[in-house]
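All residue numbers for the sequence shown refer to the numbering used here, where the first residue is 31 and numbers rise by one. Every residue gets a Cβ at the ideal spot worked out from N, C-alpha and C, and that includes glycine. Source: prediction; values computed, not measured. To keep things clear, I will list the structure first and then write my remarks on it.
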Amino acid sequence: MNENGLSFQICRTADDFKSAKDGYQAVLEGLGRNIVSKTRNAELGKSVHVFIRDRENRVVGGVIGQVFGGWLYVSLLWVEESLRNKGNGTMLLTIIESEAVKLGCKCAHLDTYSFEARPFYEKHGYTLFATLDNYPEGHSKYFLKKTLV
């Protein structure tokens with residue numbers, strides 16, 4: 031504890047994170063209240079998740095997105111390697127973009143690495159707007175956006 035009666039918890043392991051779920055939620059809600067107060071946009075942080083499941087109901091792909099301010103942020107998109115290049119990634123992206131439009135989004139943005147899927151996203155209408163070089167060293171992180179409607 032410091033002089034103000036505060037303590038600091040550092041989380042690095044799965045067990046640390048499990049014990050600090052309330053901390054994550056508190057930070058998320060606190061930041062959300064701040065954003066709403068500054069932007070007057072009460073539509074904060076709607077999540078959209080789309081999953082591909084196999085016959086055993088095992089998740090073999092998915093896309094995770096958040097909606098805010100008329101934008102969809104595609105935070106994660108993954109398809110099991112054996113199911114790639116068969117239209118599954120395209121289907122996931124198409125579905126989440128369609129759901130985002132239903133929620134009022136006009137645009138989408140995402141980020142990807144130089145060793146991942148930039149050509150895939152560009153093929154689907156995303157354009158580069160920023161690059162972070164040497165992240166990680168020897169690679170780049172790309173930031174892309176797209177108009178949905």
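Nearest candidate by alpha-carbon position, reference Lys175, set Gly134, Tyr103 and Glu167
For the purposes of this step, residue 175 is identified with residue 145 of the sequence shown, where counting begins at 1. It is Tyr103.
For the putative contact between Gly95 and Val78, defined by C-beta atoms under 8 Å, what is the C-beta separation to the nearest angstrom?
Walking along the sequence shown from the start, residue 95 turns up at place 65. Walking along the sequence shown from the start, residue 78 turns up at place 48. Going by Cβ atoms, the distance from Gly95 to Val78 rounds to 5 Å, so yes, they are a contact pair.
Starting from Leu122 and walking both ways along the alpha helix (DSSP H), at which residues does that stretch end?
Residue 122 sits at position 92 when you count from the first residue of the sequence shown. Looking at the DSSP string, the run of the alpha helix (DSSP H) that includes Leu122 is Asn118 to Lys132.
With burial defined as no fewer than 16 other Cβ atoms inside 10 Å of the residue's Cβ, what is the status of Thr69: buried or exposed?
Along the sequence shown, one-based indexing puts residue 69 at 39. It counts as exposed.
Hey, how far is the Cα of Phe47 from the Cα of Leu61?
Taking the sequence shown and counting its residues from 1, the one referred to as residue 47 is at position 17. Taking the sequence shown and counting its residues from 1, the one referred to as residue 61 is at position 31. Each residue's alpha carbon lies about 19 Å from the other.
Take the Cβ of Thr9 as the centre, count every other Cβ of all protein chains shown within 10 Å, and call the residue buried at 16 or more, exposed below.
Residue 9 lies beyond the stretch modelled for the chain, which goes from 31 to 179, so this question has no answer here.
Please list the terminal residues of the continuous alpha helix (DSSP H) segment that includes Leu17.
Because residue 17 is not part of the residues shown, which for the chain are 31 to 179, the question remains open.
Whose C-beta lies closer than 6 Å to the C-beta of Phe159 among residues of the same chain, with five residues either side of it excluded?
Residue numbering aside, residue 159 sits at position 129 when the sequence shown is read from its first letter. The answer, listed in chain order, is Phe173 and Lys175.
On the three-state DSSP scale, how would you describe Asp163?
Taking the first residue of the sequence shown as position 1, residue 163 is located at position 133. Looking at Asp163 - three-state DSSP - the assignment turns out to be strand.
Looking only at its chain, what residues have a beta carbon closer than 8 Å to the beta carbon of Asp141, apart from the 5 residues adjacent to it on each side?
If you number the sequence shown from 1, residue 141 lands on position 111. These residues qualify, in order along the chain: Lys171, Tyr172, Phe173 and Leu174.
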